[in-house]
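Protein chains in written order, with the working numbering: chain X, 1 to 112; chain E, 1 to 115.
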C-alpha cells in the first residue's frame, strides 16, 4: 500500500513562504498528487493537483521531482487565515483495488 | 451551484444501535466517496460509489455499508455501533472517479457520537 509521510506540524510567521513536503514512495505511474486544506469542523478543500514538475495556481505552487516520490506544497506569503491542516493525497492501487490515501496531515500555525 | 450537503450534521447514538447518514453531491457529480475522520487515525477512506455501484472500498468492517441512488445521492449505514465509531463522517463528490484527476468537493460532515 502506498504511504504518505508529512511533518506533523509547522510554524511560520505571517508574510513568509511555507513549504510542506510529502513523501510517497510507492506512487503509481498514473496517479496524481493532490493537496487539500482543512479548517476545524469543516471538510477538506482542494488546493492544487499535479502529476510532474511544477504546477501553480492563485493560492499555491506544487513541485514534483522527476522520480515523483515526493512533492512540495509551497504557500507564498502566508497569513493568519492559512492556519489549517494540509493533507497530501495520492491514489493507492497496490492492493489490487484503487483507493485514496490521505496523509496524516501537517498542522500549519501562522504566527503574527 | 450548491455544494455538497450532509444530513444530519450532528448525531448521538447508543452502542449497539445503527445509524444512516445522507449525502447529496454537487449537481452533475456522479461519484460520492465517504471518509471517517478521527483524531487518532486521521482521514480514512470508507468507500466510493459511482453510477449506483460501489467502485472502491477501504479497510473497514462489514458493519459499514453504503449505497447510491439514481440521482447520485448516497447514504452510508453503520450497524451495531461501537464507541470507536464516534467520528466526523465526511462525504465528497466528484464528476468522475479514479486516477488521474481526482478533485473532490467535501461536505461539512456529520459528527457522530456513540455513547
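Ideal Cβ positions, reconstructed from N, Cα and C, are used throughout, including at glycine.
Coarse secondary structure for residue i, derived from DSSP in three states
i                      : result
residue 80 of chain X  : helix
residue 66 of chain E  : strand
residue 85 of chain E  : helix
residue 86 of chain X  : strand
residue 63 of chain X  : strand
residue 9 of chain E   : coil
residue 92 of chain E  : strand
residue 97 of chain E  : coil
residue 107 of chain E : coil
Contacts of residue i in chain E (Cβ-Cβ under 9 Å)
i                      : result
residue 105 of chain X : 42 and 43
Contact list for residue i against chain X, beta-carbon separation under 9 Å
i                      : result
residue 109 of chain E : 41, 42 and 43
residue 106 of chain E : 36, 38, 42, 43, 44, 45 and 46
Among the options, the one whose alpha carbon lies nearest that of residue i
i                      : options                   : result
residue 17 of chain X  : X:105, X:62 and X:33      : X:62
residue 17 of chain E  : E:35, E:64 and E:46       : E:64
residue 59 of chain X  : X:11, X:35, X:4 and X:51  : X:35
residue 111 of chain E : E:39, E:10, E:2 and E:6   : E:10
residue 66 of chain E  : E:103, E:97 and E:76      : E:76
residue 21 of chain X  : X:77, X:43, X:27 and X:69 : X:69
residue 15 of chain X  : X:78, X:66, X:28 and X:23 : X:78
residue 97 of chain E  : E:73, E:32 and E:12       : E:32
residue 106 of chain E : X:27, X:42 and X:7        : X:42
residue 73 of chain E  : E:114, E:34 and E:38      : E:34
residue 26 of chain X  : X:76, X:5 and X:49        : X:5
residue 174 of chain E : E:52, E:78, E:91 and E:79 : Examination of residue 174 of chain E is not possible in this model, given that chain E is present from 1 through 115 alone.
residue 56 of chain E  : X:101, X:71 and X:52      : X:101
residue 109 of chain X : X:87, X:80 and X:88       : X:80
residue 78 of chain E  : E:22, E:5 and E:3         : E:22
residue 83 of chain X  : X:105, X:65 and X:91      : X:105
Residue environment, residue i, which counts as buried when at least 16 other CB atoms sit within 10 Å
i                      : result
residue 54 of chain E  : exposed
residue 48 of chain E  : buried
residue 11 of chain X  : exposed
residue 61 of chain E  : exposed
residue 83 of chain E  : exposed
residue 50 of chain E  : buried
residue 70 of chain E  : exposed
residue 45 of chain E  : buried
residue 113 of chain E : exposed
residue 19 of chain X  : exposed
residue 67 of chain X  : exposed
residue 14 of chain E  : exposed
residue 41 of chain E  : exposed
Proximal residues of chain E, C-beta to C-beta of residue i below 7 Å
i                     : result
residue 86 of chain X : Simply none; closest approach about 12 Å.
residue 21 of chain X : Within chain E, no residue comes near residue 21 of chain X; the closest Cβ sits about 18 Å away, beyond 7 Å.
Near the ligand HEM: residue i beta-carbon under 8 Å from a heavy atom
i                     : result
residue 88 of chain E : Absent from the structure shown: the ligand HEM. Ligands present: none.
Chain-ordered neighbours of residue i on chain X, where CB pairs are closer than 8 Å
i                     : result
residue 90 of chain E : 43 and 44
Inside the region 23 to 52 of chain E only - beta strand (DSSP E) runs reaching at least 3 residues: Considered as a whole, the region 23 to 52 of chain E harbours 31 to 38 and 42 to 50 as its complete beta strand (DSSP E) runs of no fewer than 3 residues, in chain order.
Can you list, in chain order, the stretches of the beta strand (DSSP E) that have 3 or more residues and sit fully within the region 24 to 49 of chain X? The region 24 to 49 of chain X contains these whole beta strand (DSSP E) runs: 33 to 38.
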